[in-house]
Every structure is written in C-alpha cells, then in structure tokens.
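Notes to accompany the following structure.
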Amino acid sequence: MNDDFIDLRSGNLSSESFWPSFTDIMTVVVMIFLITSVILMVRNWELIDQLRTSLLAEQQASEMIRSTTEVNATLEEQLAQAQHEISVLRMQLMQSTEDNDMLNTTLADKEQQIIVIMSDKHRLETELTNSEQQVVNLDNKLQQVIIDLNELSKNYQQQNTELKSAADELIILTEEKEAQERQLVALETDYSSLKVKYDKLVKPARTAKGKYVVEVNYEKINGKGRIRFKDAGEQQYTTLSSSELHRKLKALQKKHSKKLYIKIIIPENSGLSYSEAWEFMKNTLHKYDYYYQG
C-alpha cells in the first residue's frame, strides 16, 4: 500500500488512526462549504448593490422626465403669451405707421403750398419795388404821364391788396399747420390711451395654462385674405375659409366649453392694415375664446 494515502477501510485501520483522518476530511468539507457560502454571500451582496443602483438610476430618470415635462409646459405657455403680445404690438405698429404716413402726406402738401405762397409774396414784393422805382423815375414827368401815373397807382393798390391776401393766406396756412401739429399730439394721446385699454384687455388673467390651445394664422397673400388653422397636438397648419374656420371653432367651443384658448398670430409683413387685423382678432376672440365668454 502507498504511504501517501491512508486506507480507511475498517479492516485496515485501528480506532486510533481512523478518527484523526475522519476529522481531517470533515474539516476540509466544512471549509469548502464555508468558502462556498462566503463566495455566494459576496455575490449576493454585489447583486443587491447593483439592484439598488439600478433602482436609484430609474428614480433619477423619472424625476428628470417629470421636471423636463413641467419646464416644457411652462415654456409653451410663455411662448403662446409672447406670440399673442407680438401680434397685438404689430397691429399697433401698423396703425401708427398708417397714421404717420397720412400726416406726412398732409404736411408735405401744406409745405408745398407755403413755398408757392412765399414765391408769390417775393414776386409781389419785387413788383412793388419796381413800381416804386418807376414812380421815382416818372416824378419829373408828372404832368406828361399823369394818366400813366394814375394807372400805376391802381396797379400799386392792387398789388398791395394781393400782398395782403397772400399774407392772410400765409397766416391761415400757419394756423392750419399748428392745427395739424395739435392733431398729431392728439393722435399720440389717443395711441397712449389705446395702449392702456389694450393692457387692460390682455391682463394676466388670460392664460393658456390648463387650456385647449389652438392657433389661427391670418394674413393677406396677393390682396386676398388667407386663414390657416392648427389644432392642439398638430404640427402643420391647415388652410381654411372664413366659414370653415367659424364652424371649426364653434365645434371646439361646444366640446371644450370654457377651456378653449385661441392664439391669433399676425405674421410680420402680413399685408394687413391695422383695422383689418384688429377686427379679425376682436371678432374671433369675442365669439369663441374662453376669456371673453363671461
């Protein structure tokens, strides 16, 4: 028998050599069991730690998604309000431009009239000077040219009358110019008053938050009005006629009751006058927008 291994068969072992060998074997088995248990426990801890990390990452991702959704909703509301304010400001700018162009045209006409009158006045003054010179030159021939002198006197009086009329007309034109300037000041005052009324009209109580928001784009193309409509959730505009737009908004008003928010957009260079843009916005909002339904 090889000396490296102990024969454990009962016939070959005495009681003194059996138990130490058995104890060694069981010790090895217990150690293997303990090592295996430790390895499994360490592995389980690693898996638990990974699971906790995954759950934490999932919670952080959910929180980020919720925060991003709230930010997007707030930005969308601010964008809707800003676009509405820009449209109204564009209409005000169009009205101011039209009024300013009309006043400039009137002032140019008056200035041209003043230039013509001043030219006539200068001509009459020149003629008067010439007539006076003729009177001096003809004074020595008074007896011979008495008839001509009388005629010149008549011309002199007529010229004085014309000069007085021209001066009176100049005064009238000056007064008209001052009246135009006062009218311009009155228009600026009316504009300020209109802006105050508008500020009251679009007071912060009107908001797109929590509302069913639709967009209506209105402009003129080649002199013809074009209405484009975009419902909530849609990405593209749909071109509608005026009657189709009213039917669409009436159906949405019936469906969404007092939560229908209409965003009117007047593009830059829309081709509309102030009165056209304002009339369209006022009629549409007062008929269908939740804010004007009482």
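Numbering (my numbering), first residue to last: 45 to 338. Even for Gly, the Cβ is constructed at its ideal location relative to N, Cα and C.
Cβ neighbour criterion (16 or more within 10 Å) applied to residue i
{"i": "V246", "result": "Confidence at V246 is low in this model, with a pLDDT of 49, below 50, so the placement of that residue is unreliable and no value is reported for it."}
{"i": "M70", "result": "exposed"}
{"i": "T328", "result": "buried"}
{"i": "L119", "result": "exposed"}
{"i": "D153", "result": "exposed"}
{"i": "A124", "result": "buried"}
{"i": "L78", "result": "exposed"}
{"i": "M75", "result": "exposed"}
{"i": "A295", "result": "exposed"}
{"i": "A117", "result": "exposed"}
{"i": "M85", "result": "exposed"}
{"i": "A211", "result": "exposed"}
{"i": "K255", "result": "buried"}
{"i": "L99", "result": "exposed"}
{"i": "E66", "result": "Per the sequence shown, residue 66 should be read as Phe rather than Glu. Exposed is the call here."}
{"i": "W89", "result": "exposed"}
{"i": "W63", "result": "exposed"}
{"i": "A276", "result": "exposed"}
{"i": "A321", "result": "buried"}
Residues bridged to residue i [DSSP beta-bridge criterion]
{"i": "K264", "result": "G269"}
{"i": "I306", "result": "V258"}
{"i": "K274", "result": "E259"}
Limits of the alpha helix (DSSP H) - the one that residue i falls within
{"i": "T328", "result": "Y318 to Y332"}
{"i": "L284", "result": "Careful: L284 lies outside any alpha helix (DSSP H), inside the beta strand (DSSP E) at T282 to L284."}
Pair within 7 Å by beta-carbon distance, residue i and residue j
{"i": "K264", "j": "G315", "result": "yes"}
{"i": "Q201", "j": "L168", "result": "no"}
{"i": "K253", "j": "E121", "result": "yes"}
{"i": "Y332", "j": "Q280", "result": "no"}
{"i": "Y318", "j": "M138", "result": "yes"}
{"i": "R250", "j": "Y335", "result": "yes"}
{"i": "I158", "j": "L217", "result": "yes"}
{"i": "I271", "j": "L289", "result": "yes"}
### Task
Report yes or no: do three or more beta-carbon pairs, one from the region 122–131 and one from the region 173–183, lie closer than 8 Å?
no
#### Entry: At least three beta-carbon pairs within less than 8 Å, the region 259–267 to the region 299–317
yes
### Message
Taking 8 Å as the cut-off, does the region 159–168 touch the region 142–150 (at least 3 CB pairs, one atom from each stretch)?
### Response
no
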